[in-house]
Amino acid sequence: MKVYSLDKNSLLKRFRTTQNGLSEKEAKERLEEFGENVIESKQQKNYLKEYLKQYIEFFPILLEIAGFLALVADYYQPNEGNDILAYAIFGAVFINATFTFWQNYKADKAMQALLKLMPTIVKVKRDNKILKIDASQLVPGDIIVLEEGDKIAADAVLLEANELYINTSALDGESKPSKRDSKPSNAKREIEAKNMVYAGCSVVNGSGEAVVVATGMATEFGKIAALTSNIQKGLTPLEKEVINMTKILTILALIAGVVFFILGYFSGKGVLIAAIFALSLIVANVPEGLLPTITLSLSLASQRMAKRNALIKNLASVQTLGSVSTICTDKTGTLTKNEMTLKEIYLTSEEEIEVSGIGYEIKGEFNIKNKNDNTDKLLKQFLISAMLNSRATIENNKPIGDPTELALVVASKKYGIDVNAKKLKEYPFSSERKMMSTLVEIDNQTMLFSKGAPEVILSKSAFYQDKDGIKPINDEIKQKINQKLLEFQNKAYRVLAIAKGDKEENNLVFLGLVAIMDMPREEIKEALSKCYSAGIRTIMITGDSAITAAAVAKQIGLKYDEVLTGDEVADLSDEELQERLSQKTYIFARMASNQKLKIADALQKNGEVVAMTGDGVNDSPALKKADIGISMGSGTDVAKEASDMVLLDDNFNSIVSAIEEGRTVYFNIKKFVTYILSSNVPEIAPYVLSFFFKIPNPLSVIQILSIDLGSDMLPGLALGSEKPEKNIMKRKPIGKNEKILDWEVFKRGYFFIGIIEASAAMFAFITFLLTHGWQYGVVDLADKTFQAQAMTMTLLGAVTSQMANMWTMRSWDFNIWTLSWKSNKMMIFAFIAVSIWIWALLNVEPVQKVFNTAHVPLQDLWVLLPFPILILISHETYKYFRLKKLQIKG
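FYI, in the numbering used here the residues of the sequence shown are -1 to 888.
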C-alpha cells in the first residue's frame, strides 16, 4: 500500500506516531536506525588524489618514462646533457599537471549544490510541543509544521492543509505553485501525489502539518542526487585521442629504439653504446612540448568561449563540442527570449486588436478591427482586469515578476492604464486549477478578476461581455471563442482567458482572450541554418503543447518530421525510442524533465554525440549523461554543477558558437600536432646520422630541448588560437572514430615537412663544415667554437624551417594568402619572439653558453634561406591539389 493513499489514522499507525509527534526517546532511536536527514555523496572527492591522477594519465606517463630513460642514459654516458633533458621533462609534466588540476578544480560539486537547497532549521512536533531542530535530525514519523516561506526538509504526507501551495520547480521544473491537500491520493507515483510535500521544495502560500515518510537519500530529492552521482561519464573524444596519440608515439619510439639498437650493435658499437643510443633515440622521439601545448591551447579556447557567453568547466570538453551531432534544446529562454509579449487581444464584443512592440518596453500601438463606440471603454475594462490580477510590476523601468504577467502589465501601460486598487484576497494559480483570481476593492466596489486556461475560465463563465452589455453565454459565443483560441494556438501563442465576477470563481463574465508570445531570438534562424549546414540536427524538448511546439518550430525554421508527446514517449520502450530516433527527427512536447535522460541515452546508443540543455535539479541526470551537458546561467546550482558548460546568456546561438569553437580547436590541435611532429625529424636525423657516419655531433640534447620546450611552444600556441576556417561550419561533425593523429598528420609532419626540415638542418651543418675546411672522418673537432658554430647552423636550420612551417600551417585546407596576417596577433608575437631567440643564440654570450651555440657570420647564414621558401611553396601547392581532390570527391 502506497503511503499517500492511506487515510490519516492508517498513516499514523503505519509510521508508529501520533498527531502530537514522536517522543524524544523514539526520535533518537529512529535517528540511529535511519541515519541523518542529509544528501550524501557516495564518492567524496579527495583533491590530493585528483591532483596525483594527473601524473598517471597516458601521456604524462610516457613523458615520465622518457625522463627516467634520459637519467639512465646520463648515468652511463654523463655530460651529454641527458640529465638536463630529464629534469626539463619532469618540469613540463609538473607544470601541466598543476595547470590542468587547477582548471578542473571546481568540476563536479553537484552534491554541495543540492545541500544548498536543504533548510538547516525546521519546526517539528515532539511530545506535543513545537520545537525548532536541525533538519538533519528529522526522522520518519516526525510531524513537521509548515508555514509560508518555509523550505521543506523531508518527503511527508499531509495531515492538514490550509490553502497550501508549494513550489516544486526544484523537482519537476514547474514554475507555478502547486496546490496541496490532505486527501488520500490515488496517484501512480509519489511525485504526482497532491497530498505530499517534498524535500528541497518550499511553501509559497498557506500552512499545514505533515508526517515525515522519507528522509535523506530516500526522498525524491535524494533519488535524483543518487541517480546523478551514479551516472558515469565516458572519456571525452580528446581524452581518447590523447591515449591514442600516446600509444602510437610510444610504439613508434620503441620500434625506432629497437631497430637502431640492432643496427648499432651489428655495426660494431657494442651493447652499452648501442643501448644508450637506443634510449636517447626513444627520448628524442617523444614530443615533450605537445602535452603542455594542448593544455594551454584548450585553456585559451575556453577563455575565448567565455567571451562568447559559454563557460567551459572541463577543458577536455572544449574539443567534444566539435563532435556534437545532435543538440537537444529547451524552447523557453534558449530558442526564445523568455520575454513574453502580448501580441493580440480578442474581445467577446468582437473587436480584434493587434498590439505592436516587443518585450517589456512601454512602447507600442493598438490596431483595432471592428471598432465601435464602446471599444475604448471595453478595452480598458479588459486590461484593468488583467493588470489587477497580476503580481508583476514595472519599477523604474525594471520588470519584476512572472514573464506572462509582465506581458499583461506592459500592454496595460502601453494603453495608458494607471489605476489604484486594494487587494483583498488572492486565489493563486496552480497546475491543478489552471487559473488565478484576485479580489480587489476598486471605485468603492468589490470585484473579482480571473485569468487562466481558456477552457477552465469558459467552464466557470455564465455570461460574456457584448458591445452593448453583459449577456448570458451561449453555444454560438463558445464556438467563436474556441475558434479564435485555435487560431491563436496555431500561431504559437500562449493564450489566456480574462474574466470578471463578484466574489466567487463561478458565474463569471467572460471578457476575452489574450495572445502572448515568447518572441524567438532574432539570431535563431541563422543559428539553426548554421547547424543544418554543419550536419547537426536540433531537437526541441518543451513542456508546451504539440500545437504550440509545432508552430514555434515553423516560425523559427526548425526542421522536424513528427511531434511526440511525453505520454507517447513514456509508452515507448528504450529500444523503440532508439529505433524511432535513428529514422526521424522529432519535436518532444508536453515533456517532463526526467524524460530527457531517456532521450539522451537513446541518441547515444545510436552513435550520436549529444549536447543537452537544462536548468532544473531534475535535468541534472540528463545533463550528466549527455556528452555535453549545457546548463543555463539562470538555472539552478545543481544543473550547473552537473553540466560541462554553462550558457551565461541562455542563448541557443551561444551553443552554436561553442560548437564552432570546438571544431576549430580540433583542427587547431591537428595543426600544431603536425607542426610539433615536424620538428622531431630534424632532431632525430642528425643524431642518427652522427651515430652511423663519421661526422661530428650536429645537435646537442640541450639544443633539442630548446626546440621542444622553447622555440616550438609559442608558435604551437599561436596555431592553437587560430580563428575558425571559412568552411568550419560546412563540414560534417567530427566523427567519434576520427583521429587527430591520423595518416594525414603523419604524412605532412614526418614524411613531408619533417624531411625538408631535416634536410635543411643537415645541409646547413655539412655546408658550414665543408666551407670552413672540415674533412669527412674527423669526428672530434679541436676548435670548440667551430664545433659550436656548426651545431648552431643545425639548430637554425630546424628553427628557421619551423618559422615557415608555422605560417603555412595556419590553415589546414586553404592557401595562407587568403588569411589576414593581422588576424592572429599571437602568431605575429611568436614570430617576433622566435626571431629574437635566433638573434640571442647568435649574439648573447650567456645564452650561447647554456645552449652550446656561437656567433655565425652573416655570409654563412645564406644556406638557411632556400628551405623555408621550399616549405612554404611545396606545402601550399600540396594543400591546393588536396582541396581540389576533396572537392571532386565531395
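Note that the Cβ used here is the ideal one computed from N, Cα and C, for glycine as well.
Own chain partners of residue i with C-beta closer than 8 Å, once the 5 adjacent residues on each side are dropped
i, result
"Thr427", "Note that residue 427 is Phe in the sequence shown here, rather than Thr. The residues are Lys174, Pro175, Met433, Met434 and Gly450."
"Thr248", "Leu60"
"Glu723", "Thr662, Phe665, Ser809, Trp810, Asp811 and Phe812"
"Ser21", "Arg124 and Asp125"
"Asp179", "Leu156, Ala159, Leu162, Lys192 and Asn193"
"Arg535", "Ser323, Thr324, Ile325, Cys529, Lys557 and Thr583"
"Lys335", "Gly357, Asp516, Met517, Pro518 and Arg519"
"Arg729", "Ala532, Gly533 and Arg661"
Per-residue burial, residue i [other beta carbons within 10 Å of its own, 16 or more giving buried]
i, result
"Tyr45", "exposed"
"Ile398", "exposed"
"Pro58", "buried"
"Lys557", "exposed"
"Gly206", "buried"
"His770", "exposed"
"Gln787", "buried"
"Gln483", "It is Leu, not Gln, that sits at residue 483 in the sequence shown. Buried: at least 16 other Cβ atoms inside 10 Å."
"Ile310", "buried"
"Ile836", "buried"
"Thr244", "buried"
"Gly147", "exposed"
"Tyr413", "buried"
"Asp572", "exposed"
"Val1", "buried"
"Asp441", "exposed"
"Glu359", "exposed"
beta-carbon residue i near the ligand MN non-hydrogen atom, thresh 7 Å
i, result
"Leu494", "You won't find the ligand MN in this model; it holds no ligand whatsoever."
Residues of its chain near residue i, where Cβ-Cβ distance is below 7 Å and the 5 sequence neighbours each way are ignored
i, result
"Asn488", "Ile545 and Ala549"
"Ile229", "Pro619, Lys622 and Lys623"
"Lys123", "Asn18, Gly19, Ile141 and Val143"
"Asn504", "Lys458"
"Phe88", "Gly65"
"Phe689", "Gly262 and Phe275"
"Pro470", "Ala460 and Phe461"
"Asp132", "Thr118 and Ile119"
"Arg302", "Glu659"
Other residues of its chain near residue i: CB distance less than 6 Å, five sequence neighbours each side excluded
i, result
"Met905", "No answer is possible for residue 905: the residues shown for the chain start at -1 and end at 888."
"Ala831", "Leu712"
"Glu342", "Glu352 and Ala513"
"Ala185", "Ala191"
"Arg746", "Thr672"
"Val890", "What is shown of the chain runs -1 to 888, which leaves residue 890 out entirely."
Distance CB(residue i)-CB(residue j) smaller than 8 Å
i, j, result
"Ile189", "Ile667", "no"
"Glu48", "Phe13", "no"
"Ala405", "Leu298", "no"
"Pro285", "Glu337", "no"
"Met610", "Lys594", "yes"
"Met517", "Ile732", "no"
"Ala532", "Cys326", "no"
"Ile738", "Glu237", "no"
"Leu512", "Leu526", "First, the amino acid is wrong: residue 512 is Val here, not Leu. No, these two residues do not count as a Cβ contact at 8 Å."
"Ile869", "Asn822", "no"
"Gly631", "Asp647", "yes"
"Ile899", "Asp710", "Residue 899 lies beyond the residue range present for the chain, which begins at -1 and ends at 888; the question has no answer from this structure."
"Leu579", "Ala600", "yes"
"Lys669", "Glu736", "no"
"Lys421", "Val438", "yes"
"Ala197", "Ala152", "yes"
"Ala25", "Val137", "yes"
"Ser300", "Leu313", "yes"
"Leu10", "Thr16", "yes"
"Gln135", "Asn35", "yes"
For residue j and residue i, believed in contact at Cβ under 8 Å, the rounded distance
i, j, result
"Leu156", "Ala216", "The Cβ separation is near 18 Å, so there is no contact."
"Val854", "Met791", "6 Å"
*Quick one: any contact between the stretch 561 to 576 and the stretch 757 to 769, if contact means 3 or more CB pairs under 8 Å?*
no
*Is the stretch 740 to 760 close to the stretch 795 to 805, with three or more CB pairs under 8 Å?*
yes
*Can we say the stretch 160 to 168 touches the stretch 194 to 212, given the rule of at least three CB pairs closer than 8 Å?*
yes
*Are the stretch 871 to 878 and the stretch 800 to 818 in contact at 8 Å, needing three or more beta carbon pairs?*
yes
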